[in-house]
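Take a look at the structure set out below.
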Ligand code: AMP
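Numbering (my numbering), first residue to last: 2 to 211.
Written out as structure tokens, the structure is:
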């Protein structure tokens, strides 16, 4: 199955993607995680992306389309995948179509902006492996320590309140039009994001099983 998770930053699409990925044994491909890894490694792509990420802006389409093209050609993607954070603009969605990739379902997780702003301030990510936690909704077993790799949990610099407002504005302007794009293709399914992660997961899995 080839699935896209749409939604504003902080709507919980990354968490849902990880859970569904395990259930269906298909990889999650997160452009945000790939870019952050490149940034950490200091690759030319990472250096190019830094200013955009820090300002809460989108990295240029040609860069992310290149990343996706390379990643989806890898062996583990041949039986399906979940896209988390891609596409984020109409040209990115068109590029995916032009690659001949047929998406089965697009799950849009909807959460009001006010809830998102509150949630992102409590989000913590692992400095080492990028796994995501929340101080109220998805606590690690030991405070400040990643369950998966033991790395230190930190607040992402682009989760700072002023950057979050910019990211939400960018989402409404550039990414939200994708709902109409996929609705026209008959692939859009909407999930109302719930307070508890497992309640959102139940709604998501129900839609995927239909
Ligand atoms: P995320 O972790 O998905 O919120 O992504 C973090 C940041 O990476 C975004 O704010 C963008 O600057 C960049 N990014 C990730 N995915 C994309 C994409 N599909 N298009 C453009 N920029 C992206």
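Using N, Cα and C, we set each Cβ at its ideal position, and we do this for glycine too.
Alpha carbon to alpha carbon, how far is residue 169 from residue 208?
Translated into positions along the chain shown, residue 169 becomes position 168. Translated into positions along the chain shown, residue 208 becomes position 207. Cα-Cα distance, rounded: 26 Å.
Would you check if the distance between the CB atom of residue 128 and the CB atom of residue 153 is smaller than 9 Å?
Taking the first residue of the chain shown as position 1, residue 128 is located at position 127. Taking the first residue of the chain shown as position 1, residue 153 is located at position 152. Yes, the Cβ-Cβ distance between residue 128 and residue 153 is below 9 Å.
Segments of 4+ residues assigned as alpha helix (DSSP H) that fall wholly inside the segment 114 to 178
114 to 123, 162 to 171
If you draw a straight line from the alpha carbon of residue 61 to that of residue 86, how long is it in whole angstroms?
Taking the chain shown and counting its residues from 1, the one referred to as residue 61 is at position 60. Taking the chain shown and counting its residues from 1, the one referred to as residue 86 is at position 85. Cα-Cα distance, rounded: 14 Å.
Cα-Cα separation between residue 17 and residue 201, rounded to whole angstroms
Counting from 1 along the chain shown, the entry for residue 17 is found at position 16. Counting from 1 along the chain shown, the entry for residue 201 is found at position 200. About 8 Å.
By the DSSP assignment, the alpha helix (DSSP H) with residue 33 in it spans what residues?
Here residue 33 refers to the residue found at position 32 when the chain shown is read from its first residue. 32 to 42 is the span of the alpha helix (DSSP H), which, as asked, contains residue 33.
According to DSSP, is residue 47 part of a helix, a strand, or is it coil?
Mapped onto the chain shown, residue 47 falls at position 46. Helix.
Residue 58, DSSP secondary structure in three states
Translated into positions along the chain shown, residue 58 becomes position 57. It is coil, neither helix nor strand.
Outcome for residue 22 when other beta-carbon atoms lying within 10 angstroms are tallied against a minimum of 16
Your numbering for residue 22 matches position 21 in the chain shown. Burial call: buried.
For residue 19, the nearest candidate out of 83, 161, 141 (CA to CA)
Sequence index remark: in the chain shown, residue 19 carries index 18 (1-based). For the residues 83, 161, 141, the minimum Cα distance to residue 19 belongs to 83.
Per DSSP, residue 82 forms a beta bridge with which residues?
Position 81 of the chain shown, counting from 1, holds the residue named residue 82. Answer is 3, bridged to residue 82.
Under three-state DSSP, which class holds residue 1?
Shown here, the chain extends from 2 to 211; a query on residue 1 therefore has no answer.
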